[in-house]
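Chain order of the listed sequences is A and B.
Everything in the first sequence is counted per the numbering used here, starting at 18 for the first residue and increasing by one.
Everything in the second sequence is counted per the numbering used here, starting at 18 for the first residue and increasing by one.
Every residue gets a Cβ at the ideal spot worked out from N, C-alpha and C, and that includes glycine.
Working notes for the structure below.
2 protein chains.
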Amino acid sequence: MAVTITDVAKAAGVSKATVSKFLNGTHYVSQETKERIAAAVSELGYAPNRVAQGLSLKRSHTIGLVVANIGNPFYAELIRGAEEVAAARGYTLLLASTDGEPRRESTIVNAMRQRQVDGIAFASVRLADREVTALAKDGVNVVLASRHLPDAEVDMVLVDSVKGAKLAVNHLLQHGHRSIAYVGGPLSIAQFQDRLKGWKGALAEAGIEPPAMHELSLDRMDVEAGHQAGLRLLRLENPPTAIFAATDNLAFGIMQACDEMNRTIPGELALVGFDAVPFGAVSLSPLTSVDGSGLIMGQRALQLLIDRIERDQRTPAESRQVRMVLQPTLCIRRSCGCRSGTEN
Amino acid sequence: MAVTITDVAKAAGVSKATVSKFLNGTHYVSQETKERIAAAVSELGYAPNRVAQGLSLKRSHTIGLVVANIGNPFYAELIRGAEEVAAARGYTLLLASTDGEPRRESTIVNAMRQRQVDGIAFASVRLADREVTALAKDGVNVVLASRHLPDAEVDMVLVDSVKGAKLAVNHLLQHGHRSIAYVGGPLSIAQFQDRLKGWKGALAEAGIEPPAMHELSLDRMDVEAGHQAGLRLLRLENPPTAIFAATDNLAFGIMQACDEMNRTIPGELALVGFDAVPFGAVSLSPLTSVDGSGLIMGQRALQLLIDRIERDQRTPAESRQVRMVLQPTLCIRRSCGCRSGTEN
DNA sequence: ATGAAAGCGCTAACAC
DNA sequence: GTGTTAGCGCTTTCAT
Numbered sequence: 018m019a020v021t022i023t024d025v026a027k028a029a030g031v032s033k034a035t036v037s038k039f040l041n042g043t044h045y046v047s048q049e050t051k052e053r054i055a056a057a058v059s060e061l062g063y064a065p066n067r068v069a070q071g072l073s074l075k076r077s078h079t080i081g082l083v084v085a086n087i088g089n090p091f092y093a094e095l096i097r098g099a100e101e102v103a104a105a106r107g108y109t110l111l112l113a114s115t116d117g118e119p120r121r122e123s124t125i126v127n128a129m130r131q132r133q134v135d136g137i138a139f140a141s142v143r144l145a146d147r148e149v150t151a152l153a154k155d156g157v158n159v160v161l162a163s164r165h166l167p168d169a170e171v172d173m174v175l176v177d178s179v180k181g182a183k184l185a186v187n188h189l190l191q192h193g194h195r196s197i198a199y200v201g202g203p204l205s206i207a208q209f210q211d212r213l214k215g216w217k218g219a220l221a222e223a224g225i226e227p228p229a230m231h232e233l234s235l236d237r238m239d240v241e242a243g244h245q246a247g248l249r250l251l252r253l254e255n256p257p258t259a260i261f262a263a264t265d266n267l268a269f270g271i272m273q274a275c276d277e278m279n280r281t282i283p284g285e286l287a288l289v290g291f292d293a294v295p296f297g298a299v300s301l302s303p304l305t306s307v308d309g310s311g312l313i314m315g316q317r318a319l320q321l322l323i324d325r326i327e328r329d330q331r332t333p334a335e336s337r338q339v340r341m342v343l344q345p346t347l348c349i350r351r352s353c354g355c356r357s358g359t360e361n
Numbered sequence: 018m019a020v021t022i023t024d025v026a027k028a029a030g031v032s033k034a035t036v037s038k039f040l041n042g043t044h045y046v047s048q049e050t051k052e053r054i055a056a057a058v059s060e061l062g063y064a065p066n067r068v069a070q071g072l073s074l075k076r077s078h079t080i081g082l083v084v085a086n087i088g089n090p091f092y093a094e095l096i097r098g099a100e101e102v103a104a105a106r107g108y109t110l111l112l113a114s115t116d117g118e119p120r121r122e123s124t125i126v127n128a129m130r131q132r133q134v135d136g137i138a139f140a141s142v143r144l145a146d147r148e149v150t151a152l153a154k155d156g157v158n159v160v161l162a163s164r165h166l167p168d169a170e171v172d173m174v175l176v177d178s179v180k181g182a183k184l185a186v187n188h189l190l191q192h193g194h195r196s197i198a199y200v201g202g203p204l205s206i207a208q209f210q211d212r213l214k215g216w217k218g219a220l221a222e223a224g225i226e227p228p229a230m231h232e233l234s235l236d237r238m239d240v241e242a243g244h245q246a247g248l249r250l251l252r253l254e255n256p257p258t259a260i261f262a263a264t265d266n267l268a269f270g271i272m273q274a275c276d277e278m279n280r281t282i283p284g285e286l287a288l289v290g291f292d293a294v295p296f297g298a299v300s301l302s303p304l305t306s307v308d309g310s311g312l313i314m315g316q317r318a319l320q321l322l323i324d325r326i327e328r329d330q331r332t333p334a335e336s337r338q339v340r341m342v343l344q345p346t347l348c349i350r351r352s353c354g355c356r357s358g359t360e361n
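Given below as structure tokens:
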């Protein structure tokens, strides 16, 4: 059906081997045959079959990207960044979503390996550190984006969550708040441990010891979870005057709760999120948020991964894994009580 | 490196062919050897190499999904739906983003064909009708989601845009508005022609002839474009009292403009969007919107595509292409002036 | 500088 | 029932 290298060879009156050599610039080919082949190629509209190439080369120029949930704008940004550099460097993405289920994640990883991906980028792994390390040891190029696996021996790019959380809380402190609650995701995820730690740390430095009810680690991270948490907090006998949400999605849910209970933001409740997804600019109350730069993480993660893939190509040696930590920044909008601006 | 079918054959003391037959259940294999093979498989942890399989079968169990912009929540939903059914039916998605550039789109299509995808789903094509038809005639299974190509001879799933727009405008009319502006995307896209037509039609039926300045067809569809359009409209000497935005993203931009100019929604300006992305619920003003059901389109599109792929497998006959039109529904939130609810 | 041949991992006739 | 063989489209020694 499609035109193959054999067709080109025939048309140019040479052997497949020569065509291949010419196409890949891997050996010398005489000027004259070069031209004949080039002519045949464009004449027939030949394009190499990547599958066949992959089988022979053991290289697919395909990268698996596994995210928890495509619907979450944070991942959407990350995917965008990843796709961008993948495309630029000649790779295409195999996308899969886990819905946060570790079991589904293993299935996906297997499927990807069977498809001979050159590497896998995890945006928010749920696998255990050792499983990821095992994967890497097993020869799979891996990179972790956004989620931190302290003991996994693979490349990762993440944002400094402790620092980010402190940025957020300190800002709220500067606005005069003394009663700042925390709403975050499951503590089984390192990122949330760090954000919680940052919150606690900033408060401690200000000599504040928050009541236990002001610390909420939920097991889900969607808007609805934030909504419920918001209601819970607002109905407390002594509700907080401000909330640091460890995720923008959570913050949006909290806004919804305020809306429902007729509490104004930032008037009656100040709010700062984490991620700074673009949508925050047009949310119920324009959201001040720690910039987790999903886009950049997506980009960097893929750069790291592709670099490793292409390096391994030459030298299958174990190179030291890099851990890239992005510095967070505060994207100030109005939900904190400010008018606007950016701060570091 | 990885374990191959040959290893399994060796371990089970049979030939590769037998292993293959057993694995694919394509021929009878004696109970005894079945067991021996099964044992070898699990012993060695064998998993077939899909690339090799693909080369032999000319089937990759991979589907290309091309979207305009992953950052747009409408596409995010669509991707989510697509990924869901792809995974359920044993396919994985090759994702690529065009940024709305037709040239990039062709490049992507070529890359995907080289990778032997079993089919391509376009969420918002920019290619011309005849190019898409040519693709289909050339043996590529194609489905169009969301965007309408009147003359392309391929499967498509779309939402009835004329009807959706009427739903929106009529609702605004019922709220007593007589001055309803339209803000939409490029008229080169059929969807926007339809939404414009629906707007005009509904107004005409109400005996209203809108002034020319109240009809804005922009060439971009991002939030910023909506923002600019909103400012333009609000600064008119006789600004509209309501706006129908042909896309939620555009509506968000308009909200931003209102916010900037201190116009309340729906008090001073009523607003209805199109798409009903989840975020509308927590936007500056909870957005009433025509439900374009991106998620469902993503699902249906992939079902259509996979059905066709698997049908073609058996009978390469040209089957009539299906055009699936989803009925829009109005997702009522507050930006129109209502309190809440749903209407058809 | 070019070609012949083997091999990547799998499937599919066709024999036995 | 099971094995032999050829072939999918490409790359890559190894000769020439």
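Reduced DSSP category for A:T355 - H, G, I as helix; E, B as strand; rest coil:
Reading the first sequence from its first residue, position 338 is the one you call residue 355 of chain A. Strictly speaking, residue 355 of chain A in this sequence is Cys, with Thr absent from that position. A:C355: coil per DSSP, three-state reduction.
Answer with buried or exposed for A:D236, where buried requires no fewer than 16 other C-beta atoms within 10 angstroms of its C-beta.
Here residue 236 of chain A corresponds to residue number 219 of the first sequence, with the count starting at 1. Looking at its Cβ environment, which holds fewer than 16 other Cβ atoms inside 10 Å, A:D236 is exposed.
Span of the alpha helix (DSSP H) holding A:V342?
Here residue 342 of chain A refers to the residue found at position 325 when the first sequence is read from its first residue. Premise fails: A:V342 lies in the beta strand (DSSP E), R340 to L343, not in any alpha helix (DSSP H).
Using a Cβ-Cβ distance cut-off of 7 angstroms, determine whether A:L235 contacts chain B.
By 1-based counting over the first sequence, the position of residue 235 of chain A is 218. No, A:L235 lies away from the interface with chain B (no Cβ there is under 7 angstroms from its Cβ).
Buried or exposed for B:D135, please, with buried defined as at least 16 other CB atoms from any protein chain shown within 10 angstroms of its CB.
The sequence position of residue 135 of chain B within the second sequence is 118, counting from 1. Buried is the call here.
Per DSSP, cross-strand counterpart(s) of A:A138
Numbered from its first residue, the first sequence carries residue 138 of chain A at position 121. According to the DSSP secondary-structure assignment, A:A138 is paired through a beta bridge with A:L82 and A:V160.
Taking the C-alpha atoms as reference points, what is the distance between B:N361 and B:M341?
Translated into positions along the second sequence, residue 361 of chain B becomes position 344. Translated into positions along the second sequence, residue 341 of chain B becomes position 324. For B:N361, the predicted model reports a pLDDT of 45, less than 50, meaning its position is unreliable; a value from the coordinates is still stated below. Using only the alpha carbons, I get a separation of about 19 angstroms.
Verify the CB distance criterion: does B:Q320 have a CB-CB separation below 7 angstroms to chain A?
In the second sequence, counting from the first residue as 1, residue 320 of chain B sits at position 303. No, no contact with chain A.
Please state whether DSSP places B:E232 in a helix, a strand or coil.
Locating residue 232 of chain B in the second sequence gives position 215, counting from the first residue. Strand at B:E232.
Alpha-carbon spacing of B:M173 relative to A:E285, whole angstroms:
The residue given as residue 173 of chain B occupies position 156 in the second sequence. The residue given as residue 285 of chain A occupies position 268 in the first sequence. CA-CA distance, B:M173 to A:E285, rounds to 49 angstroms.
Quick one: which chain A residues come within Cβ less than 8 angstroms of B:N127?
Indexing the second sequence from 1 puts residue 127 of chain B at position 110. Those are A64, listed as they occur along chain A.
Short Cβ contact (7 angstroms threshold) for A:G290 with A:L304
Position 273 of the first sequence, counted from the start, is the residue given in the question as residue 290 of chain A. Position 287 of the first sequence, counted from the start, is the residue given in the question as residue 304 of chain A. Between A:G290 and A:L304, the CB-CB gap stays under 7 angstroms.
Please classify A:Q320: is it buried, with 16 or more other beta-carbons within 10 angstroms of its beta-carbon, or exposed?
Counting from one through the first sequence, the residue named residue 320 of chain A turns up at place 303. Buried, by the Cβ-count rule.
Strictly under 7 angstroms for the Cβ-Cβ distance: is A:R351 near chain B by that measure?
For the purposes of this step, residue 351 of chain A is identified with residue 334 of the first sequence, where counting begins at 1. No, its Cβ sits nowhere closer than 7 angstroms to a Cβ of chain B.
Look at the alpha carbon of B:L204 and the alpha carbon of B:D211, and state the distance between them as a whole number of angstroms.
By one-based count along the second sequence, residue 204 of chain B stands at place 187. By one-based count along the second sequence, residue 211 of chain B stands at place 194. Cα-Cα distance, rounded: 9 angstroms.
Cut-off 8 angstroms between Cβ atoms - residues of its own chain near A:Q70, not counting five sequence neighbours on either side
For the purposes of this step, residue 70 of chain A is taken as residue 53 along the first sequence, with counting starting at 1. Here the set comprises R76.
Within-7 angstroms CB hit, B:I22 to chain A:
As a position in the second sequence, residue 22 of chain B is number 5, starting the count at 1. Judged by the 7 angstroms Cβ criterion, B:I22 is not in contact with chain A.
Just list the alpha helix (DSSP H) runs in the region 77-135 of chain B, keeping only unbroken ones of 4 residues or longer that don't cross its boundaries, in chain order.
Segments of the alpha helix (DSSP H) lying fully in the region 77-135 of chain B: 90-105 and 119-131.
Measure how close the beta-carbons of A:Q316 and A:G117 come, nearest whole angstrom, since I'm counting them as under 8 angstroms.
Walking along the first sequence from the start, residue 316 of chain A turns up at place 299. Walking along the first sequence from the start, residue 117 of chain A turns up at place 100. Incorrect: roughly 24 angstroms between the Cβ atoms, too far for contact.
Could I get the ranges of all uninterrupted beta strand (DSSP E) runs contained in the region 290-338 of chain A, with 3 residues as the minimum, in chain order?
Segments of the beta strand (DSSP E) lying fully in the region 290-338 of chain A: 305-308.
Tell me the DSSP secondary structure of A:L267 in three-state form.
As a first step, residue 267 of chain A must be located in the first sequence, where it is residue number 250. Helix at A:L267.
Nearest candidate by alpha-carbon position, reference B:A169, set B:P65, B:L175, B:V149 and B:K183
Locating residue 169 of chain B in the second sequence gives position 152, counting from the first residue. Its Cα nearest to that of B:A169, the residue B:V149 stands out among B:P65, B:L175, B:V149 and B:K183.
Would you mind telling me which residues of chain A sit closer than 7 angstroms to B:T282, beta carbon to beta carbon, in chain order?
Against the second sequence, residue 282 of chain B aligns to sequence position 265. Sequence inspection shows Ile at residue 282 of chain B; the Thr mentioned does not correspond to that position. Result: empty, since nearest Cβ-Cβ is about 12 angstroms, beyond 7 angstroms.
For a cutoff of 7 angstroms on Cβ pairs, would you count A:R132 as touching chain B?
Position 115 of the first sequence, counting from 1, holds the residue named residue 132 of chain A. Interface residue, yes.
Taking just the CA atoms, how far does A:N127 sit from A:R121?
Residue mapping note: residue 121 of chain A aligns to position 104 of the first sequence, counting from 1. Residue mapping note: residue 127 of chain A aligns to position 110 of the first sequence, counting from 1. Going by the C-alpha atoms only, they are around 10 angstroms apart.
Just verifying my parser: in three-state terms, what is the DSSP assignment at B:G243?
As a first step, residue 243 of chain B must be located in the second sequence, where it is residue number 226. Reduced to three states, the DSSP call for B:G243 is helix.
If contact is defined by three or more beta carbon pairs under 8 angstroms, each pair taking one atom from either stretch, is the region 269-282 of chain B in contact with the region 228-243 of chain B?
A contact exists between the region 228-243 of chain B and the region 269-282 of chain B.
Examine the Cβ distances between the region 38-52 of chain A and the region 74-93 of chain A and report whether three or more of them are shorter than 8 angstroms.
Of all C-beta pairs linking the region 38-52 of chain A to the region 74-93 of chain A, fewer than three are shorter than 8 angstroms, placing the two stretches out of contact.
Under 7 angstroms between C-beta atoms of B:T258 and B:S196
The residue labelled residue 258 of chain B in the question sits at position 241 within the second sequence. The residue labelled residue 196 of chain B in the question sits at position 179 within the second sequence. Less than 7 angstroms separates the beta-carbon of B:T258 from that of B:S196.
Using CA coordinates, which residue listed in A:V159, A:G30, A:L112 and A:M238 is at the minimum distance from A:A56?
Here residue 56 of chain A corresponds to residue number 39 of the first sequence, with the count starting at 1. Minimum Cα distance to A:A56 is reached at A:G30.
For A:H231, count neighbouring Cβ atoms within 10 angstroms of its own Cβ and tell me buried if that reaches 16, exposed if not.
If you number the first sequence from 1, residue 231 of chain A lands on position 214. Classification of A:H231: buried, given that the 10 Å Cβ count is 16 or more.
Listed by chain order, chain B residues near A:T109 by CB distance under 9 angstroms:
One-based indexing of the first sequence puts residue 109 of chain A at position 92. G81, L111, L112, A113, I125, A128, M129 and R132, listed in chain order.
Determine the DSSP secondary structure at A:T281, reduced to helix, strand or coil.
For the purposes of this step, residue 281 of chain A is identified with residue 264 of the first sequence, where counting begins at 1. DSSP, reduced to helix, strand and coil, places A:T281 outside both helices and strands of the structure shown, so it counts as coil.
By the criterion of Cβ-Cβ separation under 8 angstroms, what are the contact partners of A:M314 in chain B?
As a first step, residue 314 of chain A must be located in the first sequence, where it is residue number 297. Result: empty, since nearest Cβ-Cβ is about 14 angstroms, beyond 8 angstroms.
Among A:G297, A:A198, A:A293 and A:K27, which has the Cα closest to the Cα of A:L253?
In the first sequence, the residue the question calls residue 253 of chain A occupies position 236. The shortest Cα separation from A:L253 among A:G297, A:A198, A:A293 and A:K27 belongs to A:A198.
Who are the neighbours of A:E94 on chain B, taking C-beta pairs under 8 angstroms?
In the first sequence, counting from the first residue as 1, residue 94 of chain A sits at position 77. Neighbours of A:E94 on chain B, chain order: G88.
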